[in-house]
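Chemist:
So this is what it looks like as structure tokens:
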């Protein structure tokens with residue numbers, strides 16, 4: 001159940017103890033709740049401070065949208081698929097499998113040598129692919145030179161908290177899971193539109209200029225929504241292609257493997273939805289849609305479990321749920337507090353990087369995903385609990 005954050009113009013409903021939210025994040029939530037276009041805010045239990053808008057916030061606006069409330073990794077999200085393999089099918093040494101995944105899917109700043117045609121990858125939905133790429137020509141003129149890079153980055157992981165995992169559920173069934181977004185092209189589009197919004201006259205007196213909004217029926221809003229929806233589609237196609245490449249790695253290693261129906265969900269995006277008979281633009285920044293029956297993914301850290309969930313359709317939360325465990329400390333603090341030896345200890349039993357380059361992703365830098373799930377039992381039901389045995393990070 002939620003608690004109302006006091007002293008805001010629009011209702012800010014919080015699915016955690018408000019006293020446990022960091023002061024900077026609470027200030028952000030109050031700033032959001034004060035905006036005249038906001039109908040309501042739902043705050044997820046994995047909430048933490050973010051640029052402009054709080055990570056783990058669902059913001060419903062009337063006739064307006066804030067690009068910072070979406071974030072710079074437009075369309076970032078998760079995909080997962082259940083396989084026919086079981087734990088007994090996996091070898092004792094998972095190192096070769098991890099290396100095969102890394103060979104097939106570039107991570108960090110790396111790209112494919114050439115753009116991959118998704119039509120040549122088994123199981124990837126390519127409907128509308130030509131029209132999608134044709135739409136690149138209509139994007140903000142400032143990204144026109146990035147067409148080649150965007151093509152080569154389709155089907156790549158990125159860095160930070162993005163990952164590819166082989167997991168086991170409680171029955172010992174093998175799952176594949178991944179987390180990624182719209183790569184550099186989404187970031188470039190987001191930053192350009194955030195800069196445009198800041199300069200608009202109606203945003204001059206906002207408590208935080210990063211919360212600048214576009215208003216409906218303006219050229220700026222139309223341009224942002226065009227680029228936003230294209231980037232969201234890029235992120236979806238990026239995950240679909242990666243999942244196809246990931247599945248092929250498994251087929252090469254285990255020719256008998258088959259796959260179920262993939263689950264995919266954005267957690268940094270905008271959707272047009274209606275609540276109380278009112279048409280709203282709902283931004284989920286670090287939150288997934290959890291409408292009645294919707295399947296979603298709530299991951300933990302690289303050494304803990306993740307969850308497949310089914311939405312309960314709670315309209316108090318604008319049909320939403322958390323997107324993960326959520327950070328409990330910044331990356332810089334994690335690097336100061338933990339060592340590579342700590343990382344190795346906290347990821348025992350997981351085939352993954354255990355070097356200083358990913359210490360900022362150590363499980364200890366994240367909230368307890370079990371506690372996060374316990375605070376949103378009115379938002380989702382658990383379908384499956386997964387534990388990774390292989391984790392690939394950028």
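In the numbering used here, the protein residues as written are 1 to 394.
For glycine and all other residues, C-beta sits at the position ideal for the given N, C-alpha and C.
Please state whether DSSP places residue 2 in a helix, a strand or coil.
Modeler: For the purposes of this step, residue 2 is taken as residue 2 along the chain shown, with counting starting at 1. Correct three-state label for residue 2: coil.
Chemist: How about residue 181 and residue 158: do their beta carbons lie closer than 8 Å?
Modeler: As a position in the chain shown, residue 181 is number 181, starting the count at 1. As a position in the chain shown, residue 158 is number 158, starting the count at 1. In contact: residue 181 and residue 158 (Cβ atoms closer than 8 Å).
Chemist: Counting along the chain, where does the beta strand (DSSP E) carrying residue 161 start and finish?
Modeler: In the chain shown, counting from the first residue as 1, residue 161 sits at position 161. Segment: none, residue 161 is in no beta strand (DSSP E) and carries neither H nor E.
Chemist: Starting from residue 88, trace the beta strand (DSSP E) in both directions and tell me its first and last residue.
Modeler: By 1-based counting over the chain shown, the position of residue 88 is 88. Taken as a continuous stretch (DSSP letters only), residue 88 belongs to no beta strand (DSSP E), as it is neither H nor E.
Chemist: Give the list of continuous beta strand (DSSP E) stretches no shorter than 3 residues that lie fully inside the region 16-89.
Modeler: 38-48, 55-61 and 77-86, all fully within the region 16-89.
Chemist: Using three-state DSSP, classify residue 231 as helix, strand or coil.
Modeler: The residue you call residue 231 lines up with position 231 of the chain shown. Note: residue 231 maps to helix in three-state DSSP.
Chemist: Could you name each continuous alpha helix (DSSP H) segment of 4 residues or more that falls completely within the region 151-229, going from the start of the chain to the end?
Modeler: Within the region 151-229, the complete alpha helix (DSSP H) runs of at least 4 residues are 183-198.
Chemist: Given that a residue counts as buried once 16 or more other Cβ atoms are within 10 Å of its Cβ, and exposed if not, what is residue 192?
Modeler: Translated into positions along the chain shown, residue 192 becomes position 192. Classification of residue 192: buried, given that the 10 Å Cβ count is 16 or more.
Chemist: On the DSSP bridge assignment, give the partners of residue 298 in chain order.
Modeler: Residue mapping note: residue 298 aligns to position 298 of the chain shown, counting from 1. Answer is 307, bridged to residue 298.
Chemist: Under a Cβ-count criterion, where at least 16 other Cβ atoms within 10 Å of its own Cβ denotes burial, should residue 6 be classed as buried or exposed?
Modeler: Your numbering for residue 6 matches position 6 in the chain shown. With fewer than 16 other Cβ atoms within 10 Å, it is exposed.
Chemist: Taking 8 Å as the threshold (C-beta atoms), are residue 121 and residue 245 in contact?
Modeler: Your numbering for residue 245 matches position 245 in the chain shown. Your numbering for residue 121 matches position 121 in the chain shown. It is a contact, given that the beta carbons lie within the stated cut-off.
Chemist: Please report the straight-line C-alpha distance between residue 110 and residue 153, rounded to a whole angstrom.
Modeler: The residue given as residue 110 occupies position 110 in the chain shown. The residue given as residue 153 occupies position 153 in the chain shown. Residue 110 and residue 153: Cα-Cα distance of roughly 8 Å.
Chemist: Can you tell me where the beta strand (DSSP E) with residue 281 in it begins and where it stops?
Modeler: In the chain shown, residue 281 corresponds to position 281, counting from 1. Note, residue 281: beta strand (DSSP E), 278-285.
Chemist: Quick one: complete beta strand (DSSP E) runs, 3+ long, within the region 305-348?
Modeler: With a minimum length of 3 residues, the continuous beta strand (DSSP E) runs that stay inside the region 305-348 are 305-311 and 320-322.
Chemist: For residue 28 and residue 72, I'd like the C-alpha separation in whole angstroms.
Modeler: Within the chain shown, the letter at position 28 stands for residue 28. Within the chain shown, the letter at position 72 stands for residue 72. In a straight line, the C-alpha of residue 28 is about 17 Å away from that of residue 72.
Chemist: Starting from residue 97, trace the beta strand (DSSP E) in both directions and tell me its first and last residue.
Modeler: If you number the chain shown from 1, residue 97 lands on position 97. Segment 95-104 is the alpha helix (DSSP H) holding residue 97; no beta strand (DSSP E) there.
Chemist: For the beta strand (DSSP E) containing residue 384, name the first residue and the last one.
Modeler: If you number the chain shown from 1, residue 384 lands on position 384. Run containing residue 384: 380-393, per the beta strand (DSSP E) assignment.
Chemist: CB residue 262 to CB residue 243, shorter than 8 Å?
Modeler: Here residue 262 corresponds to residue number 262 of the chain shown, with the count starting at 1. Here residue 243 corresponds to residue number 243 of the chain shown, with the count starting at 1. The answer is yes: Cβ separation under 8 Å.
Chemist: Evaluate residue 1 with the Cβ neighbour count: other Cβ atoms within 10 Å of its Cβ, from every protein chain shown; 16 or more gives buried, anything less gives exposed.
Modeler: On the chain shown, residue 1 is found 1 positions in, with the first residue counted as 1. Exposed, because fewer than 16 other Cβ atoms sit within 10 Å of the Cβ of residue 1.
Chemist: Mapping the DSSP letters down to three states, classify residue 132 as helix, strand or coil.
Modeler: On the chain shown, position 132 is the one that residue 132 refers to. Three-state DSSP puts residue 132 in a helix.
Chemist: Does the beta-carbon of residue 68, which I'm using as the reference point, lie nearer than 7 Å to any heavy atom of the ligand FMN?
Modeler: Summarising the ligand content, the structure contains no ligands, and the ligand FMN is consequently not present.
Chemist: For residue 113, which residues in the same chain have their Cβ closer than 8 Å to its Cβ, ignoring the five residues on either side in sequence?
Modeler: Here residue 113 corresponds to residue number 113 of the chain shown, with the count starting at 1. Cβ neighbours of residue 113 beyond the five flanking positions: 152.
Chemist: Tell me where the beta strand (DSSP E) around residue 271 begins and ends.
Modeler: Along the chain shown, read from residue 1 onward, the residue named residue 271 stands at position 271. Run containing residue 271: 268-275, per the beta strand (DSSP E) assignment.
Chemist: Verify whether the separation of the beta carbon atoms of residue 310 and residue 58 is less than 8 Å.
Modeler: By 1-based counting over the chain shown, the position of residue 310 is 310. By 1-based counting over the chain shown, the position of residue 58 is 58. In this structure, residue 58 does not lie closer than 8 Å to residue 310 by Cβ.
Chemist: Which residues in the same chain as residue 338 place their Cβ atom closer than 7 Å to its Cβ, once the five residues preceding and following it in sequence are excluded?
Modeler: Against the chain shown, residue 338 aligns to sequence position 338. Contacts found: 359, 362 and 364.
Chemist: Are there 16 or more other CB atoms within 10 angstroms of the CB of residue 260, so buried, or fewer, so exposed?
Modeler: The residue you call residue 260 lines up with position 260 of the chain shown. With fewer than 16 Cβ atoms within 10 Å of its Cβ, residue 260 is classed as exposed.
Chemist: Considering only C-alpha positions, which residue in the set 300, 316 and 250 is nearest to residue 274?
Modeler: Taking the chain shown and counting its residues from 1, one reaches residue 274 at position 274. Looking at the Cα atoms, 316 is the closest of the given residues.
Chemist: Which residues mark the beginning and the end of the beta strand (DSSP E) in which residue 12 is found?
Modeler: One-based indexing of the chain shown puts residue 12 at position 12. Per DSSP, residue 12 belongs to the beta strand (DSSP E) from 12-14.
Chemist: Using only CA atoms, which one of 221, 252, 278 and 320 lies nearest to residue 266?
Modeler: Sequence index remark: in the chain shown, residue 266 carries index 266 (1-based). Nearest option by C-alpha distance: 320.
Chemist: Do three or more CB pairs link the region 345-353 to the region 368-382 at distances below 8 Å?
Modeler: No, they do not touch.
Chemist: Measure the alpha-carbon distance for residue 56 versus residue 162 and round it to whole angstroms.
Modeler: Here the question's residue 56 lines up with position 56 in the chain shown. Here the question's residue 162 lines up with position 162 in the chain shown. About 17 Å.
Chemist: Taking C-alpha atoms, which residue in 325, 104, 49 and 76 lies nearest to residue 187?
Modeler: To locate residue 187, count along the chain shown from 1; it is residue 187. For residue 187, the nearest C-alpha among the options comes from 76.
Chemist: Can you grab the Cα-Cα spacing for the pair residue 222 / residue 138, in whole Å?
Modeler: Here residue 222 is taken as the residue at index 222 of the chain shown, counted from 1. Here residue 138 is taken as the residue at index 138 of the chain shown, counted from 1. Answer to the nearest angstrom: the Cα atoms are 12 Å apart.
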